[in-house]
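Protein chains: 2
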Amino acid sequence: MTEQNAPVSPWAAPLRSAGRRVTRQRLAVLAAVERSPHSTADDVVTAVRSELADITVQSVYVVLSDLTESGLLRRIEPPHSPARYETRVNDNHHHAVCTGCGRIEDVDCAVGHAPCLTPSWSPGSSRMTIQIADVVYQGLCTDCRETSPNLPELTETH
Amino acid sequence: MTEQNAPVSPWAAPLRSAGRRVTRQRLAVLAAVERSPHSTADDVVTAVRSELADITVQSVYVVLSDLTESGLLRRIEPPHSPARYETRVNDNHHHAVCTGCGRIEDVDCAVGHAPCLTPSWSPGSSRMTIQIADVVYQGLCTDCRETSPNLPELTETH
DNA sequence: ACACTTATTCTGAGTGACTCATAATAAGCC
DNA sequence: GGCTTATTATGAGTCACTCAGAATAAGTGT
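Chains as they are written, first to last, in my numbering: chain C, 1335 to 1492; chain H, 1335 to 1492.
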């Protein structure tokens, strides 16, 4: 009875080394986001409630922002969408958002190194110390491309 | 008396060629955004009211999103900030947001061409037709760098 | 196993940033 | 000067969070 009869979640150790207590709520949120990357807070509430029926929306918000701050989750803010979360952190990936249906795909860095970290400033700007550069691609996914035939040309906005 | 006694706004022609009527509200909004790039909707309301005291917040929202749709304004959505607008459209520039004070600077493309428009997809992603790639840099501006001495290292997130 | 401290979660209210439906107004055209 | 229809104003409502304070439960020590 003293021994652990439930399997220890793979998230317990990461939580501990982030200096956070291991709670059922946090484990459930992490599992939900891992199962469905790019989930919104609302998605997470729905998913988690199948396991923890009474969890509140507010708690999910608190847990999500706390886990984001501790580096276990990454928060992305796609245009015209509530914030989304994923467990894939600490790698150089970005996101592509379909302007038709809103679906989000992961994108690795095309260049390998980081040219965008040494930006060329526009005239009149003071120079900032850049820490991160996030790229958000927008385009049409294969499904939406079929339904809407004639599209704007590819624009060089980078 | 029939001749134009007020100088024709430089924005009249662009509005017309975008198929939009030339109204005082639109001219005032465009002038305000041109004067203060990266303005929020609220900033615009304040600025415009010095000229058009009775304009409503809702109208400003409508005008801003309409002008964005017609390509006269560009809307940017910095993290943890309401949407911002600028008149500088159709050029390849991006933005750097100071994580300390929130100030926003313009950044030209560092690479000149557009490597990010040919992204390398992560496994499991379907290929989208990319139309635009927006880069958001985050870092510390010179002012904030002085006040907060020890900072996280530069991270390659691109 | 039990108490204790404090992080975490819950309860309930509140805010910021928009969005929508409908009525009034005013550009642009004849 | 009228007319048509795009714009703007009015007023209400929603979405995505955020905050204060009370209740609960991890983790720690005994």
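Each residue gets a CB set at the ideal place from its N, CA and C atoms; glycine is no exception.
Query                                                                                                                                                                               : Result
H/T1374 and H/R1418 look like a contact to me (Cβ under 8 Å); what is the Cβ gap, rounded to whole Å?                                                                               : 6 Å
Which residues, in order along the segment 1384 to 1409 of chain C, keep a beta-carbon less than 9 Å from a beta-carbon of chain H?                                                 : R1409
Would you call the segment 1390 to 1403 of chain H and the segment 1460 to 1477 of chain H in contact, with 3 or more CB pairs under 8 Å?                                           : no
Mind the definition here: the segment 1405 to 1413 of chain C touches the segment 1341 to 1352 of chain C only if three or more C-beta pairs lie below 8 Å; say whether that holds. : yes
If contacts are defined as beta-carbon pairs under 8 Å, then H/V1441 and H/P1412 qualify, I think. What distance do you get, rounded to the angstrom?                               : Not a contact, Cβ separation roughly 13 Å.
Against chain C, with Cβ distances strictly below 9 Å, would H/P1413 count as a contact?                                                                                            : yes
Using the C-alpha atoms, what's the distance from C/L1474 back to C/P1354?                                                                                                          : Rather than Pro, the amino acid found at residue 1354 of chain C in this sequence is Arg. Those two C-alpha atoms are separated by around 40 Å.
Inspect the beta-carbon positions of H/V1469 and C/D1468 and report whether they are closer than 9 Å.                                                                               : yes
Hey, how far is the Cα of C/S1399 from the Cα of H/E1439?                                                                                                                           : 27 Å
Could you work out which residues of chain C lie near H/N1439, taking near to mean beta carbons separated by less than 8 Å?                                                         : Residue identity check: residue 1439 of chain H is Glu in the sequence provided, not Asn. Going along chain C in sequence order, the residues near H/E1439 (Cβ under 8 Å) are W1455, S1456, S1459, S1460, M1462.
Could you name the residues of the segment 1357 to 1371 of chain C whose beta carbon sits closer than 9 Å to any beta carbon of chain H, in the order they occur along the chain?   : none
Measuring only the C-alpha atoms, how far is C/V1423 from H/T1402?                                                                                                                  : 33 Å
Short check: CB of H/V1367 to CB of H/E1420, under 9 Å?                                                                                                                             : yes
At 7 Å on the CB atoms, spell out the chain C contacts of H/T1421, in chain order.                                                                                                  : Here the premise fails: no neighbours, minimum Cβ distance about 14 Å.
With distance defined between alpha-carbon atoms, name the residue in H/S1456, H/H1429, H/H1414 nearest to C/W1507.                                                                 : This structure cannot settle anything about residue 1507 of chain C, because the visible part of chain C is limited to 1335 through 1492.
Within 10 Å of its beta-carbon, does H/T1433 have 16 or more other beta-carbons around it, so buried, or fewer, so exposed?                                                         : buried
If you drop the 5 nearest sequence neighbours on each side, which residues of the same chain put their C-beta closer than 7 Å to that of H/R1358?                                   : L1386
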